[in-house]
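Q: The structure's right below; bear with me while I get my questions together.
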Amino acid sequence: MQASPRIAVVGAGLAGACAAFALAPYATVTVFEASSSQAEAFRAQGGLVHPLMTRRARPNWRHEEALQALERLLEATGVRVQRGLLRVAFEARQYTDFQEAARRYPQWASWLAPEAVRDHFPQVHAPYGALWIPSGLLVPVATLIQSLLAHAGVPVHRGVEILDWQETATEVVLQAANGAAYTFDYVVLAPGYGYVRHPELARLPLQGVKGQAIALSSLPELGHLPPVVANVHVVFGPDHLHVGSSYELTFSSLAPSPAQSLQLQEQAAYWVPAIARATFKEAWVGVRVIRPLQPLPVLSPLPSRRRVWLFSALGSRGLLFAPLLASWLPKVLFEPERLPPEVRLTRA
Ligand SMILES: Cc1cc2nc3c(=O)[nH]c(=O)nc-3n(C[C@H](O)[C@H](O)[C@H](O)COP(=O)(O)OP(=O)(O)OC[C@H]3O[C@@H](n4cnc5c(N)ncnc54)[C@H](O)[C@@H]3O)c2cc1C
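Residue numbers (mature numbering (1 follows the signal peptide of the UniProt record, and there is no 0)): -22 to -1, 1 to 326.
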């Protein structure tokens, strides 16, 4: 890496915070974040991560490296997590898929037949059985982001939206909505769904998927349960039950919908019947970014560019993929040929 290059990170979400943390020891990093207060932005997220996140409970792409990268960040920041989650099979086919997963990956999961779930977790209805995943984590995402930025020790300009970028042979000039211009050697764009607002990014093969989550009143009798993940997930917090999340590929509004809130509660109550008694408190919406043609994240120079990079498309697996991809940045930014081809943008 050249001597302390100037690098801008645009977006202080999970991708931007992981990027800033990874790059800070090697570069002069500055973060720009459009919103002035971030607390709300992350409330829809479940904060859940485990190695068998596919529908059939198969390992995710590079799952071992990815979890190790996340563990390194947790250790470095001292952020505390809850360990262990119950992944309930939500369709008949998963009965055999999950048994097979437990047989093939005993280091990650153990199989609980329906009667074993009843014995261990009498409040949970699991007619097709479940996987107990001790390595599953419940991560306080907002705390992790704040902590990564604090440990990176880099300036974070909040309330500064970056509208555009001009790249020359030697540098990149960022134009901000406040009229200011900033010059850097490299820029890592990590704007999440903000990608739709810039024509160069909006042309890329990306898609937003709306996700709604709700808070319900907590029920003391469920307080000891681990997170339950089925076709919806439930996290049993001290102040509220968090139920998420919907997966809406087409949407015209980013407002939460009362019908969706009701449906989330009904779905959660199917797996944990006592949840039918909880009262609605609040609903939140977030938008995941996916690559519909290639279900893997993006870490790549923009097409026809060298100094402007995109870090995005983390889908529903931000906690799994963001730490891993960010850990590659100090090397690949200067040697993009070292990037795994799966995460590169190849066409506009
Ligand atoms: C309902 C829901 C539940 C989820 N649950 C989980 C889960 O349990 N586990 C998991 O691993 N993942 C989960 N995810 C996915 C995870 O939230 C995402 O993968 C992750 O948040 C993506 O991080 P990001 O940094 O790419 O984008 P974001 O978190 O959206 O951050 C982007 C940031 O960039 C800022 N920004 C945008 N444009 C600009 C600009 N032009 N200038 C300056 N700043 C800008 C935005 O204000 C924002 O703060 C969930 C997502 C949703 C929607």
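Each residue gets a CB set at the ideal place from its N, CA and C atoms; glycine is no exception.
Can you give the beta carbon distance from T55 to L116, rounded, assuming they're within the 8 angstroms contact cut?
A: In fact, because the Cβ distance is near 16 angstroms, the residues do not count as touching under 8 angstroms.
Q: With burial defined as no fewer than 16 other Cβ atoms inside 10 Å of the residue's Cβ, what is the status of G157: buried or exposed?
A: Counting of Cβ neighbours within 10 angstroms places G157 among the exposed residues, the total staying below 16.
Q: Between the stretch 7 to 17 and the stretch 51 to 65, can you find at least three pairs of beta-carbon atoms closer than 8 angstroms?
A: As far as the Cβ criterion goes, the stretch 51 to 65 does not touch the stretch 7 to 17, which means the pair count is below three.
Q: Excluding the 5 residues preceding and the 5 following T121 in the sequence, name in chain order all residues of the same chain whose CB lies nearer than 6 angstroms to its CB.
A: V57
Q: My output table needs one value for L141: the three-state DSSP class, helix, strand or coil.
A: strand
Q: Can you list the beta strand (DSSP E) stretches of 3 or more residues lying completely in the stretch 118 to 179, in chain order?
A: 134 to 136, 140 to 145, 150 to 154, 159 to 162, 164 to 167
Q: For L232, count neighbouring C-beta atoms within 10 Å of its own C-beta (all shown protein chains included) and say buried if the count is 16 or more, exposed if not.
A: exposed
Q: Residues in its own chain within less than 7 angstroms of P118 by CB, not counting five upstream and five downstream?
A: Counting only Cβ-Cβ distances below 7 angstroms, and skipping sequence neighbours, we find G25, V57.
Q: Establish whether the CB of Q185 and some CB of chain B are separated by less than 7 angstroms.
A: Among the protein chains of the structure shown there is no chain B, as only one such chain exists.
Q: What's the C-alpha gap between Q60 and P204?
A: 8 angstroms
Q: What do you reckon, are the CB atoms on V276 and A246 nearer than 7 angstroms?
A: Contact flag unset, no.
Q: Return the CA-CA distance between P234 and T146, expressed in angstroms with no decimal places.
A: 42 angstroms
Q: Could you spell out the range, first to last residue, of the alpha helix (DSSP H) harbouring V310?
A: 296 to 310
Q: Might you give, ordered along the chain, the residues of its own chain that have their beta carbon closer than 6 angstroms to the beta carbon of S13, omitting 5 neighbours on each side?
A: none
Q: Can you confirm whether the stretch 294 to 303 touches the stretch -12 to -5 when touching is taken to mean that 3 or more C-beta pairs between the two stretches lie within less than 8 angstroms?
A: yes
Q: Could you work out which residue in A193, E244, R175 is closest to A208 when comparing CA atoms only?
A: Here the closest residue by C-alpha is E244.
Q: If we ignore side chains and look at the alpha-carbon of each, how far apart do A326 and V132 end up?
A: Residue confidence is low: A326 scores 46 on pLDDT, short of 50, so the model does not pin down where it sits. No coordinate-derived value is stated.
Q: Could you round the C-beta distance between A193 and H218 to whole angstroms and report it? I think they count as a contact, below 8 angstroms.
A: Confirmed, Cβ separation roughly 4 angstroms.
Q: Put A326 into one of helix, strand or coil per three-state DSSP.
A: Because the pLDDT of A326 is 46, which lies under 50, any placement of that residue in the model is unreliable, and the number read from its coordinates should be weighed accordingly. DSSP, read as helix, strand or coil, puts A326 in coil.
Q: Threshold first: 3 residues or longer. Then list the beta strand (DSSP E) segments lying entirely within the stretch 219 to 298, N to C.
A: 258 to 268, 276 to 279, 286 to 290
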